[in-house]
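Under our numbering, the first residue of the sequence shown is numbered 1, with each subsequent residue one higher.
Ideal Cβ placement from N, Cα and C applies to all residues, glycine included.
Working notes, beginning with the structure itself.
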Amino acid sequence: MQVDLVVMHTSVFDKDGHFVTGLEPANFRLHEDGKEQEIVSFAQEDVPLTIGILLDTSGSMRQEMEQVNNAALAFIEASHAEDEVFLIGFNDEVELLQDYTSDIDEIRDSLDNTVVAGGTVLYDAIYLGVQKAQAGSRGKKAVVVITDGEDKDSYYKLEELLSKVQEADVQVFCVGFIEEIPTRSLFGRWSNIGAKKVMDALNRIAEETGGKAYFPQRVAEIHAIVAEIARELRTQYSIGYVSSNGARDGSFRRVKISLAGTGRKDLRIRHRRGYYAASAVPAAAEKGEGRAPFSPGTAPDPAR
């Protein structure tokens, strides 16, 4: 009988947001759909990553782009030689600016040639970025999304995107420069519900994957944020188990990890909320199959 190892990349931090290292397997309890599971593998080590940087290159980002590019470059420069990085830009369309590489100079050249214009197909960019990260060759995968606006005219809807990130073992970190986005009500009044809608969406996307959404007030804060994301990815615990539910039914399984025996009440934990079990029936083709996922001439080979 085929068994599937489920790996949960898990962050532990204290009330001040400092990441906590040095815990043991006995300090963790793991439940799937309410049933406790046996932890069969455990590690806290710095492993090679597949990392995607998704940059909002819409016209409204023009003033912030230099600092955003510098922060993205600093994040990549902190990566290891074994990591592979890809770069996506998005405005009215999603463009693969740089395919998988470990060459910092290639990333730098791609950032230098970024063109800022157009709207914001945010959901399309995250969907395709997660899909691209999934196809990467490293065992641990993440994407970092940097944007300043709400989604406009994406092909994929939010619920489709949430389903995708639940299915993929890719952590999503969002950095949103979300100022007031005025929205006109049915009665003609203006409110700030647009900003709340964007923040709620980015929070939902990040939380489902075990990532985090940040909403800095100033663009200069991005340097500290990307440094924190890099540090988190390097200090996580990888906790593995084989589900006691052996059904290969393609169902979504909710996972909850808690702490025990640490002697500390100030610790918090973050991990993806669950996963889709393998299915005995081949998965149906994804929406949009056959449609060019990236701008013409930049589409990657899905088979990698």
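Given residue i as reference, the closest of the options once Cα atoms are compared
i, options, result
"residue 87", "230, 194 and 129", "129"
"residue 211", "107, 134, 256 and 273", "273"
"residue 223", "25, 57, 42 and 66", "66"
"residue 61", "100, 163 and 117", "117"
"residue 57", "79, 164 and 112", "112"
"residue 127", "34, 145 and 80", "145"
"residue 305", "101, 131, 151 and 100", "This structure does not reach residue 305, given that the chain is present from 1 up to 304, and the question cannot be answered."
"residue 90", "76, 119 and 77", "119"
"residue 25", "248, 258, 99 and 42", "42"
"residue 170", "208, 148, 203 and 158", "208"
"residue 225", "35, 68 and 6", "68"
"residue 229", "8, 19, 5 and 6", "19"
"residue 114", "231, 59 and 246", "59"
"residue 157", "125, 246 and 203", "125"
"residue 28", "17, 16 and 8", "8"
"residue 147", "131, 195 and 159", "195"
"residue 305", "16, 205 and 132", "Given that the chain is displayed from residue 1 to residue 304, the structure contains no residue 305 and the question cannot be resolved."
"residue 6", "32, 203, 76 and 95", "32"
"residue 23", "203, 44, 179 and 80", "44"
"residue 233", "21, 179 and 131", "21"
"residue 231", "34, 203, 80 and 132", "80"
Beta-carbon separation (whole angstroms), residue i vs residue j, contact threshold 8 Å
i, j, result
"residue 241", "residue 12", "Actually they do not touch by this definition, with Cβ atoms about 17 Å apart."
"residue 64", "residue 219", "5 Å"
"residue 172", "residue 165", "6 Å"
"residue 177", "residue 216", "7 Å"
"residue 163", "residue 121", "So it is not a contact: roughly 18 Å between Cβ atoms."
"residue 244", "residue 37", "6 Å"
"residue 248", "residue 278", "5 Å"
"residue 281", "residue 30", "About 27 Å separates the two Cβ atoms, so there is no contact after all."
"residue 110", "residue 84", "Not a contact, Cβ separation roughly 14 Å."
"residue 250", "residue 276", "6 Å"
"residue 78", "residue 134", "Contact doesn't hold; Cβ gap of about 23 Å is too wide."
"residue 161", "residue 123", "5 Å"
"residue 100", "residue 136", "6 Å"
Residue-level contact to chain B via CB, residue i, 9 Å cutoff
i, result
"residue 220", "Within the model displayed, chain B is absent; a lone protein chain is all it includes."
Bridge partner(s) assigned by DSSP for residue i
i, result
"residue 236", "Answer by DSSP bridge pairing: none, since residue 236 is not bridged."
"residue 101", "85"
"residue 217", "Paired residues: none, contrary to the question."
"residue 272", "Per DSSP, none; premise fails for residue 272."
"residue 244", "According to DSSP, which records beta bridges pairwise, residue 244 is partnered with nothing at all."
"residue 249", "279"
"residue 5", "242"
"residue 173", "144"
"residue 377", "Coverage of the chain is limited to positions 1 through 304, which leaves residue 377 absent and any answer about it impossible."
"residue 316", "No information on residue 316 is available, as it lies outside the stretch 1 to 304 that the chain covers here."
At 4 residues or longer, and completely inside the stretch 105-170: list those alpha helix (DSSP H) runs for me, N to C.
Uninterrupted alpha helix (DSSP H) stretches at least 4 residues long and entirely within the stretch 105-170 occur at 122-134 and 158-167, given in chain order.
With a threshold of 8 Å, are at least 3 pairs of Cβ atoms found where one atom belongs to the stretch 37-55 and the other to the stretch 66-82?
yes
Check whether the stretch 199-206 and the stretch 228-243 are in contact - that is, three or more C-beta pairs closer than 8 Å.
no
What alpha helix (DSSP H) runs, 4 residues minimum, are completely inside the stretch 56-94?
65-77
Touching by the beta-carbon criterion (3+ pairs, under 8 Å), the stretch 104-111 and the stretch 139-158:
no
Could you tell me which whole alpha helix (DSSP H) segments of length 4 or greater appear in the stretch 10-62?
none
Does the stretch 7-21 come close enough to the stretch 250-268 to have 3 or more Cβ pairs within less than 8 Å?
yes
Using 8 Å as the Cβ pair cut-off and three pairs as the minimum, do the stretch 41-49 and the stretch 248-264 touch?
No, because fewer than three Cβ pairs between the stretch 41-49 and the stretch 248-264 fall closer than 8 Å, the two stretches do not touch.
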